[in-house]
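A.B. asks:
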Amino acid sequence: MTTLEVFPVADDIDHTDGPDCICGPTITDATVLRWIPLAVSTAYLTWTLAAYIRTRRTR
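Note that this note's numbering has the sequence shown beginning at -12, numbered continuously upward.
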């Protein structure tokens, strides 16, 4: 049987500013602004397709 050793990490160490940060990507304002047009156009196309399907079913 294999045992898993867990090494404790001190809570007072800030891991977010080092080059070896393993905290994952952070969302910046530029990232959000880059995805807004895609989200808006996707919502518009979804709404248009749903309206088209709804119109075809009622005829």
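Virtual Cβ for every residue (Gly too), placed ideally from N, Cα, C.
Using the Cα positions of Thr33 and Ala17, report the straight-line distance between them to the nearest angstrom.
C.D. replies: On the sequence shown, residue 33 is found 46 positions in, with the first residue counted as 1. On the sequence shown, residue 17 is found 30 positions in, with the first residue counted as 1. Taking the straight line from one Cα to the other gives about 25 Å.
A.B. asks: Given this structure, state the Cα-to-Cα distance separating Ile23 from Tyr31, to the nearest angstrom.
C.D. replies: Position 36 of the sequence shown holds residue 23. Position 44 of the sequence shown holds residue 31. Cα to Cα, the separation comes out at about 12 Å.
A.B. asks: CA-CA distance, Arg41 and Thr35?
C.D. replies: As a first step, residue 41 is located in the sequence shown; it is residue number 54 there, counting from the start. As a first step, residue 35 is located in the sequence shown; it is residue number 48 there, counting from the start. For Arg41 and Thr35, the distance between alpha carbons rounds to 10 Å.
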